[in-house]
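Going line by line, the protein sequences match chains A and B. The opening position of the first sequence corresponds to residue 0 in numbering that gives the first Met the number 0, with each subsequent residue numbered one higher. The opening position of the second sequence corresponds to residue 0 in numbering that gives the first Met the number 0, with each subsequent residue numbered one higher. So the structure is just underneath, and the comments pick up after that.
Number of protein chains: 2
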Amino acid sequence: MAKAAADRAATETKKTATETKLLLAARRLFCRVGIHATGISRILEEAGVARRSLYMHYGSKENLLKAVFDTEASMWFQWFDLDLASREDSARERILALFDLLKDWFEREDFFGCVFINAVAEHEKENGWVKEVAIAHREKINARLGAMVEASGARDPDMVTEKLSLVIDGAIVTAMVTGSSGAAHVGRLAAEDILRSG
Amino acid sequence: MAKAAADRAATETKKTATETKLLLAARRLFCRVGIHATGISRILEEAGVARRSLYMHYGSKENLLKAVFDTEASMWFQWFDLDLASREDSARERILALFDLLKDWFEREDFFGCVFINAVAEHEKENGWVKEVAIAHREKINARLGAMVEASGARDPDMVTEKLSLVIDGAIVTAMVTGSSGAAHVGRLAAEDILRSG
DNA sequence: ATTATTGTAGACCAATCAGTCTACATCGAT
DNA sequence: ATCGATGTAGACTGATTGGTCTACAATAAT
């Protein structure tokens, strides 16, 4: 099996080995333990990198978090623009295939939720920059999702897109809380209901 | 209009005024700012309570969080066991009315997501007690939801319940991230699709 | 061979945190 | 009137945090 999109996103863009090690350790710890609960020293330990190197490359914990946001965003765009776009299925089947990608993601041993959602949960939600970044990410995802929905010939594509987006977020959060990948399958079936009705 | 369930949950059980002030301030700050990001001193300021009183009543920040969990759980049980149960509608209409309650919740100026979900997001997700508490809460909610679904005569009530639960979580998270209550309406429509198909 | 870059190792600092402690005020029940 | 419980006010502590700094090693390009 080809390398999973989550790994590709962190490794295949031009990054030094040190940066890659830092990003992988940071993403894992930020999601599994929490961002505030993860100390810099812990990231350095698990990445096997010196403290100075982290501050050379990223300057601050906040910038490291932003870099982690970028790698997770890359994962999603690879899903939409490579994995799903290369399929010759119908638009409807491509939409449903997204939930199979979610299932693979949930089953990774280092899946502990979505960095964006988790980060919003533990940061200021009134005029906070994290929330703004997450909203922007969300809109990019929904634009791609919306294009597929439109191609599927839905009567009210915007509403169907919002419904599917809701189900996707619900599946991610359910998988995070329960620690089970079953939410992906439930989400796929709910998406079928929505597409059937809409 | 009667007092909202969220307030009732925090005030109507036998609690001292000090405890109520602490719980309201803690819930608000834990959700809006994050649990780790909220210092004890900040809670004391906003509650207008002395440091000693907090440690007299709750002993630790962790115990205060547990108490906040309890008040949010009470809110849900009031929804299910009082607000929804007192309706004379059909089971289907009671299920959909849950999304109207969610809308009211999302529109409160102190809504910043679900304490359980937010707490899981920023705590250890491998053998962490917060995750266990959230799973237990989730199961209680789903049991009540499942009873309504069963009463609605769904063919596969368990699967319909899981789908609806997914949509509920999706709506909560979407409302938290976007800061808009529209997710409740989208969730209601998605729930209608699910009930129609299931 | 030398130099610049990128790395490691770890001491160090100021700030902040959860939690403890002392001293004093208020007030209802006896 | 007094006493015990519950409250406020705020100094204090030990641990931990993000971030800086010095000293040194390895590597690659000139």
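Glycine is no exception: its CB is placed at the ideal position from the N, C-alpha and C atoms.
{"Query": "Taking the straight line between their C-alpha atoms, what separation do you get for D192(A) and K124(A)?", "Result": "33 Å"}
{"Query": "What's the gap between the Cα of L27(A) and the Cα of A120(B)?", "Result": "The question names Leu, yet the displayed sequence has Arg at residue 27(A). Those two C-alpha atoms are separated by around 13 Å."}
{"Query": "If you reduce the DSSP assignment to three classes, tell me which class H56(B) lands in.", "Result": "helix"}
{"Query": "Kindly list the residues whose CB is nearer than 6 Å to the CB of G38(A), restricted to its own chain and excluding five residues on each side of it in sequence; keep chain order.", "Result": "none"}
{"Query": "In or out: W128(A) buried (at least 16 other Cβ within 10 Å) or exposed?", "Result": "exposed"}
{"Query": "Quick one, which residues of the segment 156-181 of chain B are near chain A if we go by CB-CB under 9 Å, in chain order?", "Result": "M158, E161, K162, L163, S164, L165, V166, I167, D168, G169, A170, I171, V172, T173, M175, V176, T177, G178 and G181"}
{"Query": "How about L100(A) and A66(A): do their beta carbons lie closer than 8 Å?", "Result": "no"}
{"Query": "State the Cα-Cα distance for the pair K162(A) and L188(B), rounded to the nearest angstrom.", "Result": "8 Å"}
{"Query": "Nearest-angstrom Cα distance between A72(A) and H136(A)?", "Result": "7 Å"}
{"Query": "Could you compute how far the alpha carbon of S199(B) sits from the alpha carbon of E18(B)?", "Result": "Since the first and last residues shown for chain B are 0 and 197, residue 199(B) lies out of range."}
{"Query": "Give the DSSP-derived three-state secondary structure of A118(B) in the structure shown.", "Result": "helix"}
{"Query": "Is DSSP giving M0(B) helix, strand or coil here?", "Result": "With a pLDDT of 37 at M0(B), under the threshold of 50, the modelled position of this residue cannot be trusted; read the value that follows with caution. Here M0(B) sits in coil by DSSP."}
{"Query": "Counting only beta-carbon separations shorter than 8 Å, does R27(B) have a partner in chain A?", "Result": "no"}
{"Query": "Check distances from the C-beta atoms of the segment 122-138 of chain A to those of chain B and list, in chain order, the residues that come in under 8 Å.", "Result": "H122, E123, K124, E125, K130, A133, I134 and R137"}
{"Query": "Is the segment 170-188 of chain A close to the segment 165-176 of chain B, with three or more CB pairs under 8 Å?", "Result": "yes"}
{"Query": "With a threshold of 16 other CB atoms inside 10 Å of the CB of K2(A), please say whether the residue is buried or exposed.", "Result": "Only weak support exists for where K2(A) lies, its pLDDT of 45 falling under 50; the coordinates are left without a value."}
{"Query": "If you drop the 5 nearest sequence neighbours on each side, which residues of the same chain put their C-beta closer than 8 Å to that of P156(B)?", "Result": "G145, V148 and E149"}
{"Query": "For V159(A) and G197(A), which I take to be in contact (beta-carbon distance under 8 Å), what is that distance rounded to the nearest angstrom?", "Result": "4 Å"}
{"Query": "With DSSP collapsed to three states, give me the class of V185(B).", "Result": "helix"}
{"Query": "Could you tell me the boundaries of the alpha helix (DSSP H) in which K13(A) lies?", "Result": "Per DSSP, K13(A) belongs to no alpha helix (DSSP H) and is neither H nor E."}
{"Query": "Quick one: using the 10 Å Cβ neighbour count with 16 as the cut-off for buried, is M0(B) buried or exposed?", "Result": "Interpretation of M0(B) is limited by its pLDDT of 37, a score under 50 that renders its predicted location unreliable; the figure taken from the coordinates is listed afterwards. When all chains shown are included, M0(B) counts as exposed."}
{"Query": "Closer than 8 Å by beta-carbon distance: list the chain B residues that pair up with L188(A), in chain order.", "Result": "M158 and K162"}
{"Query": "If we ignore side chains and look at the alpha-carbon of each, how far apart do A133(B) and I116(B) end up?", "Result": "7 Å"}
{"Query": "Using only CA atoms, which one of A49(B), Y54(B), F29(B) and L81(B) lies nearest to R143(B)?", "Result": "L81(B)"}
{"Query": "Using a C-beta cutoff of 8 Å, does A1(B) count as contacting chain A?", "Result": "Low confidence applies to A1(B): its pLDDT is 42, below 50, so where it sits in the model is not reliable enough to give any reading."}
{"Query": "Thinking C-alpha only, which one of K20(A), F110(A) and H35(A) is nearest K60(A)?", "Result": "H35(A)"}
{"Query": "Using a Cβ-Cβ cut-off of 8 Å (strictly less than) and excluding sequence neighbours within five positions of K130(B), which residues of its own chain qualify?", "Result": "V119, H122, E123 and K124"}
{"Query": "What do you reckon, is the C-beta of A174(A) under 7 Å from a heavy atom of the ligand GDP?", "Result": "Among the components of this structure there are no ligands whatsoever, and the ligand GDP is therefore not found."}
{"Query": "Please confirm whether K20(A) and G47(A) have their CB atoms less than 8 Å apart.", "Result": "yes"}
{"Query": "Please return the same chain residues whose Cβ sits closer than 8 Å to the Cβ of I94(B), not counting the five positions on each side in sequence.", "Result": "L144, M147, V148, S151, L163, A190 and L194"}
{"Query": "My guess is that F198(A) and R31(A) are in contact by the Cβ rule of under 8 Å, so how many angstroms apart are they, rounded?", "Result": "There is no way to answer for residue 198(A), as the model of chain A reaches only from 0 to 197."}
{"Query": "Give the single residue among S40(B), S180(B) and R91(B) whose Cα lies nearest to the Cα of A153(B).", "Result": "R91(B)"}
{"Query": "Closer than 8 Å, Cβ to Cβ, to anything on chain A: give me those residues from the segment 41-52 of chain B, in chain order.", "Result": "none"}
{"Query": "Spell out whether any CB of chain B is found under 8 Å from the CB atom of R31(A).", "Result": "yes"}
{"Query": "So which of I42(B), S179(B) and A16(B) has the shortest CA-CA distance to K102(B)?", "Result": "S179(B)"}
{"Query": "Inspect the beta-carbon positions of R86(B) and A96(B) and report whether they are closer than 8 Å.", "Result": "yes"}
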